[in-house]
Amino acid sequence: AQSVTQLDSQVPVFEEAPVELRCNYSSSVSVYLFWYVQYPNQGLQLLLKYLSGSTLVKGINGFEAEFNKSQTSFHLRKPSVHISDTAEYFCAVSDLPLRSGNTPLVFGKGTRLSVIA
Amino acid sequence: DAGITQSPRYKITETGRQVTLMCHQTWSHSYMFWYRQDLGHGLRLIYYSAAADITDKGEVPDGYVVSRSKTENFPLTLESATRSQTSVYFCASQGFQETQYFGPGTRLLVL
Chain A
70 AQSVTQLDSQ
80 VPVFEEAPVE
90 LRCNYSSSVS
100 VYLFWYVQYP
110 NQGLQLLLKY
120 LSGSTLVKGI
130 NGFEAEFNKS
140 QTSFHLRKPS
150 VHISDTAEYF
160 CAVSDLPLRS
170 GNTPLVFGKG
180 TRLSVIA
Chain B
48 DAGITQSPRY
58 KITETGRQVT
68 LMCHQTWSHS
78 YMFWYRQDLG
88 HGLRLIYYSA
98 AADITDKGEV
108 PDGYVVSRSK
118 TENFPLTLES
128 ATRSQTSVYF
138 CASQGFQETQ
148 YFGPGTRLLV
158 L
């Protein structure tokens, strides 16, 4: 079964500085990879996803992530963060298209990004 | 409005009481999910459903019951609430390219 490790539980960063949130998953077989963002007192919303093709994926709000199959990683980056990026970020992985009997999406435990003015 | 909704948004109950959390989606997505979110544990899957009348256990199903008589609804019932079930509960449905869409959550406090 897949597992997801988000290496940092909390990341403080100054406004306008770059940030990287790290994510590693357990298997190197074909996977779908996702980053979700959760703003305070809200549900999760999709930031970006990798299904196939280019390993560099661009998402909303200026975020991007790079799929690295050899290192089984899918790190999230933003070159210049804003106060409004303060939120919890979740990495998630799925082995296959979801069908009966397959394991659904597996989430990491989250990284709390705090942007400091 | 289209989307996924949860009710109630906030609930306080007492130990031993039955509580039902409602989830409704308007997209006709086949798959629906219930998660609980707790500090230090991230999101943990409770139950999921592939279609009406088809449900499967997730990581933490004990103490919970689900049903899915209609595609658009996926209620979660705590048959006899315990303090350890105090949490934030999220419902989600899955659409194109395995993307999950989440409801706003229900904050449950069990006294």
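Sequence order for the protein chains is A and B. For what it's worth, our numbering labels the leading residue of the first sequence as 70, then goes sequentially. For what it's worth, our numbering labels the leading residue of the second sequence as 48, then goes sequentially. Backbone N, C-alpha and C define an ideal beta-carbon position, used for all residues, glycine too.
{"query": "Nearest residue (CA-CA) to A5(B), options E119(B), L155(B), S114(B)", "result": "No answer is possible for residue 5(B): it lies beyond the span of chain B, which begins at 48 and ends at 158."}
{"query": "One or two residues paired with W104(A) in a DSSP bridge", "result": "L117(A), C160(A)"}
{"query": "Enclosing beta strand (DSSP E) for E135(A) [first to last residue]", "result": "133-137"}
{"query": "Residues in the segment 140-159 of chain A having any Cβ partner in chain B nearer than 8 Å", "result": "F159"}
{"query": "V113(B) - partner residues in DSSP beta bridges", "result": "L123(B)"}
{"query": "Proximity test, Cβ basis, 8 Å: Q114(A) and chain B", "result": "yes"}
{"query": "Chain B residues whose Cβ lies nearer than 8 Å to that of P109(A)", "result": "By Cβ distance, chain B contributes nothing, its closest Cβ being about 11 Å from P109(A), past 8 Å."}
{"query": "Rounded C-alpha distance that separates Q53(B) from H71(B)", "result": "7 Å"}
{"query": "Rounded straight-line distance, which links the Cα of V88(A) to that of P81(A)", "result": "9 Å"}
{"query": "Presumed contact (8 Å Cβ cut-off) between D164(A) and V184(A), rounded CB distance", "result": "Not a contact, Cβ separation roughly 33 Å."}
{"query": "Contact set between the segment 117-129 of chain A and chain B, restricted to residues whose Cβ is under 7 Å from the partner", "result": "K118, L120"}
{"query": "Cβ-Cβ separation, M69(B) to Y95(B) (assumed contact under 8 Å), whole Å", "result": "Between M69(B) and Y95(B) the Cβ distance is about 16 Å, and since that is not below 8 Å, they are no contact."}
{"query": "Exposure of S116(B), with buried meaning 16 or more beta-carbon neighbours within 10 Å", "result": "exposed"}
{"query": "Neighbouring residues, chain A, relative to E119(B) (Cβ below 7 Å)", "result": "Within chain A, no residue comes near E119(B); the closest Cβ sits about 18 Å away, beyond 7 Å."}
{"query": "Residue environment, S134(B), which counts as buried when at least 16 other CB atoms sit within 10 Å", "result": "buried"}
{"query": "Beta carbon proximity, H76(B) to chain A, threshold 8 Å", "result": "no"}
{"query": "Residue of T153(B), N120(B), L125(B) minimising C-alpha distance to W74(B)", "result": "N120(B)"}
{"query": "Among Q132(B), G152(B), S114(B), the one whose alpha carbon lies nearest that of C39(B)", "result": "An answer regarding residue 39(B) cannot be provided, because it is not within the stretch 48 to 158 covered by chain B."}
{"query": "Any chain E beta carbon closer than 8 Å to E145(B)", "result": "Annotation note: the requested chain E is absent from the structure, which comprises protein chains A and B."}
{"query": "S72(A) burial status per 10 Å Cβ neighbour count (16 or more: buried)", "result": "exposed"}
{"query": "Of the listed residues R91(A), S78(A), Q107(A), nearest to Q140(A) (C-alpha basis)", "result": "R91(A)"}
{"query": "Interface positions of the segment 92-107 of chain A facing chain B (Cβ-Cβ less than 9 Å), listed along the chain", "result": "Y101, F103, Y105, Q107"}
{"query": "Own chain partners of L92(B) with C-beta closer than 6 Å, once the 5 adjacent residues on each side are dropped", "result": "Y82, G105, E106"}
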